[in-house]
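Asker: I have a structure here, written as structure tokens, and I will follow up with some questions on it.
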């Protein structure tokens, strides 16, 4: 390689490295001080995320039985819930370990190539996870480990048909409610 070609390659390297910024989908994030969601949560703005979206996508319910110790709230080897004043509640450390930066999407392809330091092992998919709230019917990149496929499928059907009660009947009409 000639000296001129080597210099040209060095000059272009920074441009090539910055031309296509890497997505931060999957990077750990938090929902703010003192906020412990008890179910799915989408936080906007989440200043640690490029698209300002921090998502806890897992849809779980704490065991209803009274408890006196954390172990009574969890299966063997799990630490998803903790016992607080005789009731099982989601553990804040668990929620934080499963909360990840996200972005709006239209297809699974847009959710690939994200952060390397993610806790997600099965990759990311583009899905609707909420039928209520500010982000109802929005398609977001969600960790497949945490996705409730049945709920996401139901929401996809309702939102695509412009029929998600509590969302698609709001005024102004959400853009996410469409075929």
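Numbering (the working numbering), first residue to last: -1 to 177. We put the CB at the ideal spot given by N, CA and C, even for glycine. If you're wondering where the values come from, they're calculated on a predicted model, not measured in any experiment.
Check the C-beta distance from residue 124 over to residue 151 and give it rounded, since I have them as a contact under 8 Å.
Answerer: By a beta-carbon distance limit of 8 Å, residue 124 does not contact residue 151. Their separation comes to about 13 Å.
Asker: According to DSSP, simplified to helix, strand and coil, what is residue 174?
Answerer: Correct three-state label for residue 174: coil.
Asker: Can residue 53 and residue 119 be called in contact, C-beta distance under 8 Å?
Answerer: no
Asker: State the DSSP-derived secondary structure class of residue 25, mapped to helix, strand or coil.
Answerer: coil
Asker: If you scan the stretch 103 to 152 from start to end, which runs of the beta strand (DSSP E) of 3 or more residues do you find wholly inside it?
Answerer: 122 to 126, 137 to 141
Asker: Just the Cα atoms here: how many angstroms apart are residue 121 and residue 64?
Answerer: Distance between the alpha carbons of residue 121 and residue 64 is about 35 Å.
Asker: Does the stretch 28 to 41 come into contact with the stretch 106 to 115, if we say contact requires no fewer than three beta-carbon pairs (one atom in each stretch) closer than 8 Å?
Answerer: The stretch 106 to 115 and the stretch 28 to 41 do not touch, with fewer than three beta-carbon pairs separated by less than 8 Å.
Asker: Can you tell me where the beta strand (DSSP E) holding residue 100 begins and where it ends?
Answerer: 97 to 100
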